[in-house]
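Worksheet for the structure shown next.
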Amino acid sequence: MRKARSVAGDSVNLLLYREIGRSDDAAEEALWKLNPTLAEHGPILPAGVWIVLPELDVKPAVIKAATAWD
Numbered sequence: 013m014r015k016a017r018s019v020a021g022d023s024v025n026l027l028l029y030r031e032i033g034r035s036d037d038a039a040e041e042a043l044w045k046l047n048p049t050l051a052e053h054g055p056i057l058p059a060g061v062w063i064v065l066p067e068l069d070v071k072p073a074v075i076k077a078a079t080a081w082d
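Okay, structure coming up:
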């Protein structure tokens with residue numbers, strides 16, 4: 013597992029996007045499972061928090077948009 017250290021002002025979404033290139037729901041859910049105590053820091057992370065990053069594909073699965081004709 014790869015780890016990253018937060019920068020002052022980071023949110024979980026920002027850190028995910030910077031480190032693995034995606035911040036969708038699946039990536040965020042995987043990160044929370046790997047870091048159960050991360051919520052104790054609040055929505056904005058302080059500098060220097062070590063976070064275990066999930067190992068995911070670089071691009072999320074493409075979801076086909078629904079149309080009125082489906």
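Number 82 marks the last residue of the sequence shown (our numbering); no jumps. Every residue gets a Cβ at the ideal spot worked out from N, C-alpha and C, and that includes glycine. These numbers were taken from a predicted model, which means no experiment stands behind them.
In this structure, DSSP gives D22 an extended state, which the three-state scheme calls strand. Cβ contact annotation for I56 (same chain, cutoff 8 Å, sequence separation greater than five): G21, D22, S23, in chain order. Annotation for P58: S18, A20 place their beta carbon closer than 8 Å to its own, counting only its chain and skipping 5 residues before and after. According to the DSSP assignment, L43 belongs to the alpha helix (DSSP H) that extends over 37–46.
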